[in-house]
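In what follows, a single structure is set out as C-alpha cells and then discussed.
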Amino acid sequence: MHIRNAFTDDIPIIRDIAYKTWPIAFRDILKPQQIDYMLDMMYSATSLAEQIDIKGHRFLLAFFYDLENTNNESGQRECRYIGYSSYELNFDKTGKTKIHKIYILPKFQGSGCGKAMIKEIEKIARFNNSGILSLNVNRSNRAITFYKNFGFKIINEENIDIGNGFFMEDYVMEKVL
Numbered sequence: 017m018h019i020r021n022a023f024t025d026d027i028p029i030i031r032d033i034a035y036k037t038w039p040i041a042f043r044d045i046l047k048p049q050q051i052d053y054m055l056d057m058m059y060s061a062t063s064l065a066e067q068i069d070i071k072g073h074r075f076l077l078a079f080f081y082d083l084e085n086t087n088n089e090s091g092q093r094e095c096r097y098i099g100y101s102s103y104e105l106n107f108d109k110t111g112k113t114k115i116h117k118i119y120i121l122p123k124f125q126g127s128g129c130g131k132a133m134i135k136e137i138e139k140i141a142r143f144n145n146s147g148i149l150s151l152n153v154n155r156s157n158r159a160i161t162f163y164k165n166f167g168f169k170i171i172n173e174e175n176i177d178i179g180n181g182f183f184m185e186d187y188v189m190e191k192v193l
C-alpha cells in the first residue's frame with residue numbers, strides 16, 4: 017500500500033470512495049436523508065475544490081498497484097485507490113493539526129490502511145511543529161475505538177448544526193504528539 021498527496025484533479029477519486037464508504041459507515045448512525053445531505057454538502061466537486069484550494073485542507077490517497085491488471089496501452093500496472101484522508105495544519109491558528117476525514121473502502125478496512133494514514137498525518141504534523149492532532153467523530157461511530165487505540169482521548173462534545181434540520185453530534189478527540 018502506498019500513500020500520495022491528492023490534488024483537485026483527484027476529486028473524482030475522492031468522491032467515488034466517499035460515495036462507496038459513507039452509506040455503509042453511517043447506515044446505523046444517520047438517516048439516509050442526512051447521509052445524502054452531508055455527501056452533497058461535503059463531497060460535491062465544488063465543495064472539495066473549495067476545501068483544497070481555499071480552506072487549505074490537504075488530502076492523501078491510499079492506493080496499491082494491481083498486479084493482475086495492467087493498462088493495455090502502456091503496460092503499466094493499474095492503480096487501485098482504497099482510501100483517502102484530509103487534514104489541516106495550524107487549524108484555526110491553534111498550532112494543532114486537524115484530521116478532517118479518514119475513509120477506507122469497506123473491503124480494505126482492517127488492512128492497516130487507516131493506521132498508515134494516521135501515521136503519515138502524524139509525521140507531517142511533527143515535521144510542521146504541530147504538537148497536537150485533533151479530530152471530530154460521531155459519538156456513535158465505532159471508529160472511536162480505532163482512534164483510542166492510537167492514543168486519542170475524548171476532550172469535548174459538540175453538536176454542530178449543518179442545516180436542513182440536521183446536526184453532527186460529535187466527540188472532539190485529541191492526541192498529544
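For the sequence shown, this note's numbering gives the first residue as 17, with consecutive numbering after it.
We put the CB at the ideal spot given by N, CA and C, even for glycine.
**Message:** Let me confirm a value: Ile178 is counted as buried when at least 16 other C-beta atoms fall within 10 Å, else exposed. Which label applies?
**Reply:** Residue 178 sits at position 162 when you count from the first residue of the sequence shown. By the neighbour-count criterion, in which 16 or more other beta carbons inside 10 Å mark a residue as buried, Ile178 falls on the exposed side.
**Request:** Can you grab the Cα-Cα spacing for the pair Val153 / Ile51, in whole Å?
**Result:** As a working note, residue 153 is residue 137 in the sequence shown. As a working note, residue 51 is residue 35 in the sequence shown. Distance from the CA atom of Val153 to the CA atom of Ile51, rounded to whole angstroms, is 15 Å.
**Asked** Taking C-beta to C-beta, are Phe79 and His18 nearer than 8 Å?
**Response** As a first step, residue 79 must be located in the sequence shown, where it is residue number 63. As a first step, residue 18 must be located in the sequence shown, where it is residue number 2. Taking 8 Å as the Cβ cut-off, Phe79 and His18 qualify as a contacting pair.
**Prompt:** Taking the alpha helix (DSSP H) that Phe42 falls in, what are its first and last residues?
**Reply:** If you number the sequence shown from 1, residue 42 lands on position 26. Element bounds for Phe42: n/a, residue is neither H nor E.
**Asked** Would you call Gly130 buried or exposed, if buried means 16 or more other Cβ atoms sit within 10 Å of its Cβ?
**Response** In the sequence shown, counting from the first residue as 1, residue 130 sits at position 114. Answer is buried; the Cβ neighbour count reaches 16.
**Request:** Return the first residue and the last residue of the beta strand (DSSP E) that Lys131 is part of.
**Result:** Counted from its first residue, the sequence shown places residue 131 at position 115. Where Lys131 is concerned, there is no enclosing beta strand (DSSP E), although the alpha helix (DSSP H) it sits in stretches over 129 to 143.
**Beta-carbon proximity check, Ile45 vs Ser156, cutoff 8 Å** = Sequence index remark: in the sequence shown, residue 45 carries index 29 (1-based). Sequence index remark: in the sequence shown, residue 156 carries index 140 (1-based). Cβ distance < 8 Å, so Ile45 and Ser156 count as in contact.
**Prompt:** In chain order, what residues of the same chain lie with their CB nearer than 8 Å to the CB of Phe194, ignoring the 5 residues before and after it?
**Reply:** Outside the displayed range of the chain (17 to 193) lies residue 194, so it cannot be described from this structure.
**Prompt:** In whole angstroms, what separates the C-alpha of Phe23 from that of Cys95?
**Reply:** Position 7 of the sequence shown holds residue 23. Position 79 of the sequence shown holds residue 95. Cα-Cα distance, rounded: 16 Å.
**Asked** Would you report the Cα separation of Asp32 and Val192, rounded to the nearest angstrom?
**Response** Translated into positions along the sequence shown, residue 32 becomes position 16. Translated into positions along the sequence shown, residue 192 becomes position 176. Looking at the two C-alpha atoms, the distance is approximately 33 Å.
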